[in-house]
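In our numbering, the protein residues as written are 1 to 78.
All C-beta atoms in this analysis are idealised placements derived from N, C-alpha and C, irrespective of residue type, glycine included.
Note that the coordinates shown come from a computational prediction; the quantities given were computed from them, not determined experimentally.
Okay, here's the thing in structure tokens:
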């Protein structure tokens with residue numbers, strides 16, 4: 001799915017998404033997108049958004065899931 005990052009600086013076609021911890025920052029949750037076939041050693045990930053808590057990041061991930069299920073072509077991170 002095509003996604004525009006929260007900071008509006010990136011648009012990419014990602015194969016998957018996950019919620020991760022964001023250590024050393026006030027924003028404790030992050031969503032990363034998996035870039036398909038990006039490396040010989042495996043897929044790379046790219047940070048798409050930072051959130052106050054992992055729970056808020058999970059809510060955003062649920063919105064991405066809904067967009068995929070509804071057939072949306074591009075999703076803009078909140």
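Check	Outcome
Boundaries of the alpha helix (DSSP H) in which residue 72 is found, first to last residue	It is not in any alpha helix (DSSP H) - residue 72 carries neither H nor E in the DSSP assignment.
Given residue 28 as reference, the closest of 1, 76, 53, 73 once Cα atoms are compared	53
Coarse secondary structure for residue 57, derived from DSSP in three states	helix
Nearest-angstrom Cβ-Cβ length linking residue 4 and residue 56, presumed shorter than 8 Å	About 18 Å separates the two Cβ atoms, so there is no contact after all.
Of the listed residues 31, 70, 16, nearest to residue 38 (C-alpha basis)	16
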